[in-house]
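**Student:**
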Amino acid sequence: MKVAFVLESYPPHIGGSESRAYNLIKRLPKSWEIHVITPCFDYAKKEEVRENVFVHRFGAYHSFSYFKNGSRPLSLSLDISQRALFTLKKLGSFDACVYSEWNLLTFALTHAFVSSPKLVDWCEVLAGRIAGLAGVLEALFEKNLAQRATHHIAVNEKVKELLKNVHKVDSKRISVVQNGVDERFIASSFPKKQSGRLLYVGRLTPHKGVHSLLMVFSRLRKTHPYATLHIVGAGDPSYTLSLKKLAVEGVEFLGVLSESELIEEYRSAQLLVLPSEREGSSLVSLEAMANYTPVVTIDAPLNLSKSDTVIHGFNGLVVKPSNLLDALQAVLSDEALWKSLSQNANLYAKERSWSKCAKKLEEVLKSV
Numbered sequence: 114m115k116v117a118f119v120l121e122s123y124p125p126h127i128g129g130s131e132s133r134a135y136n137l138i139k140r141l142p143k144s145w146e147i148h149v150i151t152p153c154f155d156y157a158k159k160e161e162v163r164e165n166v167f168v169h170r171f172g173a174y175h176s177f178s179y180f181k182n183g184s185r186p187l188s189l190s191l192d193i194s195q196r197a198l199f200t201l202k203k204l205g206s207f208d209a210c211v212y213s214e215w216n217l218l219t220f221a222l223t224h225a226f227v228s229s230p231k232l233v234d235w236c237e238v239l240a241g242r243i244a245g246l247a248g249v250l251e252a253l254f255e256k257n258l259a260q261r262a263t264h265h266i267a268v269n270e271k272v273k274e275l276l277k278n279v280h281k282v283d284s285k286r287i288s289v290v291q292n293g294v295d296e297r298f299i300a301s302s303f304p305k306k307q308s309g310r311l312l313y314v315g316r317l318t319p320h321k322g323v324h325s326l327l328m329v330f331s332r333l334r335k336t337h338p339y340a341t342l343h344i345v346g347a348g349d350p351s352y353t354l355s356l357k358k359l360a361v362e363g364v365e366f367l368g369v370l371s372e373s374e375l376i377e378e379y380r381s382a383q384l385l386v387l388p389s390e391r392e393g394s395s396l397v398s399l400e401a402m403a404n405y406t407p408v409v410t411i412d413a414p415l416n417l418s419k420s421d422t423v424i425h426g427f428n429g430l431v432v433k434p435s436n437l438l439d440a441l442q443a444v445l446s447d448e449a450l451w452k453s454l455s456q457n458a459n460l461y462a463k464e465r466s467w468s469k470c471a472k473k474l475e476e477v478l479k480s481v
């Protein structure tokens with residue numbers, strides 16, 4: 114089977130959607146011919162074969178300017194879409210073509226030239242949930258994807274529900290392929306934890322809510338002076354600088370870490386804090402849980418991890434933003450609660466392996 118994946122980005126550029134694509138694609142049958150078509154960010158290799166996958170990168174883009182504060186500049190988006198179309202035409206026909214939801218323009222400008230079944234991988238549905246002109250444009254482009262794609266892949270049941278209710282997609286045209294966790298992240302035994310260690314892992318952009326976490330942490334230190342907060346990830350330099358100005362004693366910015374360093378952070382943390390206002394399905398939550406680290410996240414309308422990954426009172430807590438401090442204090446002060454959440458977190462993560470998720474994707478691709 115010959116399959117194309119048209120993606121907004123791909124490793125070495127790292128984020129939730131990139132990790133999802135990478136971990137699913139590399140586990141598809143080795144007998145398949147798989148091509149990834151994606152922009153070239155930050156001087157990555159233009160052409161390479163990576164774990165039996167042909168990766169074709171085009172253009173030359175800087176990730177900070179393209180992803181700055183979650184925006185996608187129109188001029189760059191148009192350029193990326195045109196180059197993606199050129200690459201698709203050059204590679205010939207496919208048995209199936211899978212698009213990532215973002216960049217919305219890419220599907221709109223290329224789908225008419227692709228004769229094979231077209232699938233869209235959705236991590237979130239934002240139509241009707243964003244105000245102003247941006248919300249209107251979001252709804253129009255999402256509707257275009259929803260109506261014209263042959264089949265849809267939803268990251269969780271909530272996204273499937275939104276596709277059905279918001280864009281009137283027939284449930285028969287939607288398959289759920291969840292996010293998973295790499296087996297290498299799963300701790301074989303309970304690791305040694307640093308008492309009071311909080312961890313954030315993710316991009317440093319405003320909608321991720323790290324500024325809110327820093328303000329909560331400064332208050333937490335008054336009741337738990339031993340508490341520490343490690344922040345892993347990178348983002349827009351100006352926003353990162355504003356975060357560092359908010360930081361109090363006990364906060365460390367670690368930047369981007371290697372896989373082994375990241376696993377060590379997961380294993381030593383007592384809690385992962387996910388203050389994100391917008392989240393499709395949190396990969397870092399699963400990775401933390403695999404290492405007996407429960408998750409505290411906020412109940413925000415666009416934070417879908419609350420219905421996909423974090424089960425309140427079982428493997429973490431889901432609380433109103435105004436109650437985040439109380440939740441952190443409660444878990445840090447109640448060892449029995451923390452141990453229960455930790456054990457359940459590990460059990461939950463073990464059931465969400467990438468191998469199982471990739472098998473589901475394989476079945477979907479064979480069926481279209």
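Quick note on the working numbering: the sequence shown kicks off at 114 and runs consecutively. All residues carry an ideal CB built from backbone N, CA and C; glycine is no exception.
Considering only C-alpha positions, which residue in the set Ser480, Pro407, Pro414, Leu437 is nearest to Ile424?
**Tutor:** Indexing the sequence shown from 1 puts residue 424 at position 311. Among Ser480, Pro407, Pro414, Leu437, the Cα nearest to that of Ile424 is on Pro407.
**Student:** Assuming Val289 and Trp235 form a contact by the criterion Cβ under 8 angstroms, report the distance between their Cβ atoms to the nearest whole angstrom.
**Tutor:** Here residue 289 corresponds to residue number 176 of the sequence shown, with the count starting at 1. Here residue 235 corresponds to residue number 122 of the sequence shown, with the count starting at 1. Contact doesn't hold; Cβ gap of about 10 angstroms is too wide.
**Student:** Can you find the residues in the same chain that come closer than 8 angstroms, C-beta to C-beta, to Arg207, ignoring five residues on each side of it along the sequence?
**Tutor:** Numbered from its first residue, the sequence shown carries residue 207 at position 94. Position check: residue 207 holds Phe in this sequence, whereas Arg was assumed. For Phe207, where only same-chain residues beyond five positions count, the Cβ hits under 8 angstroms are Lys115, Val116, Ala117, His148, Val227, Ser229.
**Student:** Kindly indicate which residue of His175, Pro142, Lys231 has the alpha-carbon position closest to the one of Asp155.
**Tutor:** In the sequence shown, counting from the first residue as 1, residue 155 sits at position 42. Considering only alpha carbons, the answer is His175.
**Student:** Per DSSP, what kind of secondary structure is Ala209 in: helix, strand or coil?
**Tutor:** Here residue 209 is taken as the residue at index 96 of the sequence shown, counted from 1. Three-state DSSP puts Ala209 in a strand.
**Student:** What is the DSSP secondary structure of Ser331, counted as helix, strand or coil?
**Tutor:** Position 218 of the sequence shown, counted from the start, is the residue given in the question as residue 331. Looking at Ser331 - three-state DSSP - the assignment turns out to be helix.
**Student:** The alpha helix (DSSP H) that contains Arg133, what's its start and end?
**Tutor:** The residue labelled residue 133 in the question sits at position 20 within the sequence shown. It spans 129-138 - the alpha helix (DSSP H) in which Arg133 sits, taken as one unbroken run.
**Student:** Using the C-alpha atoms, what's the distance from Cys470 back to Arg140?
**Tutor:** For this step, residue 140 is matched to residue 27 along the sequence shown. For this step, residue 470 is matched to residue 357 along the sequence shown. Each residue's alpha carbon lies about 9 angstroms from the other.
**Student:** Helix, strand or coil for Val397, going by three-state DSSP, please let me know.
**Tutor:** The sequence position of residue 397 within the sequence shown is 284, counting from 1. Correct three-state label for Val397: helix.
**Student:** Please list, in chain order, all residues of the same chain as His418 whose beta carbon is under 7 angstroms from its beta carbon, the five residues on each side excluded.
**Tutor:** For the purposes of this step, residue 418 is taken as residue 305 along the sequence shown, with counting starting at 1. Looking at the sequence shown, residue 418 is not His but Ser. Result list for Ser418: Leu387, Glu392, Ser394, Ser395, Ser398, Thr410, in chain order.
**Student:** Is the Cβ-Cβ distance between Arg286 and His320 less than 8 angstroms?
**Tutor:** Within the sequence shown, numbered from 1, the residue matching residue 286 stands at position 173. Within the sequence shown, numbered from 1, the residue matching residue 320 stands at position 207. For Arg286 and His320, no; Cβs fall outside 8 angstroms.
**Student:** Keeping to the same chain, check which residues put their C-beta closer than 8 angstroms to that of Pro361; ignore five residues upstream and five downstream.
**Tutor:** On the sequence shown, position 248 is the one that residue 361 refers to. In the sequence as displayed, the identity of residue 361 is Val instead of Pro. Excluding sequence neighbours, Val361 sits near Leu327, Phe330, Ser331, Arg334.
**Student:** Hey, Leu276 and Ala300: beta-carbon distance below 8 angstroms or not?
**Tutor:** For this step, residue 276 is matched to residue 163 along the sequence shown. For this step, residue 300 is matched to residue 187 along the sequence shown. Contact flag unset, no.
**Student:** Do you know how far the Cα of Phe303 is from the Cα of Tyr379?
**Tutor:** Numbered from 1 along the sequence shown, position 266 holds the residue referred to as residue 379. Numbered from 1 along the sequence shown, position 190 holds the residue referred to as residue 303. Rounded to the nearest angstrom, the two C-alpha atoms are 12 angstroms apart.
**Student:** Taking Ala347 and Gly368 to be in contact with their CB atoms under 8 angstroms, please state how far apart those CB atoms are, rounded to whole angstroms.
**Tutor:** As a working note, residue 347 is residue 234 in the sequence shown. As a working note, residue 368 is residue 255 in the sequence shown. Confirmed, about 6 angstroms.
**Student:** Counting Cβ pairs closer than 8 angstroms, one from the stretch 303-316 and one from the stretch 153-171, do we hit at least three?
**Tutor:** No: fewer than three Cβ pairs fall under 8 angstroms.
**Student:** Please classify Trp235: does DSSP put it in a helix, a strand, or coil?
**Tutor:** The count along the sequence shown starts at 1 and reaches residue 235 at position 122. Here Trp235 sits in strand by DSSP.
**Student:** Considering only the beta carbon of each residue, do Gly172 and Ile193 sit closer than 8 angstroms?
**Tutor:** Numbered from 1 along the sequence shown, position 59 holds the residue referred to as residue 172. Numbered from 1 along the sequence shown, position 80 holds the residue referred to as residue 193. Their beta carbons are under 8 angstroms apart, which means Gly172 touches Ile193 by this criterion.
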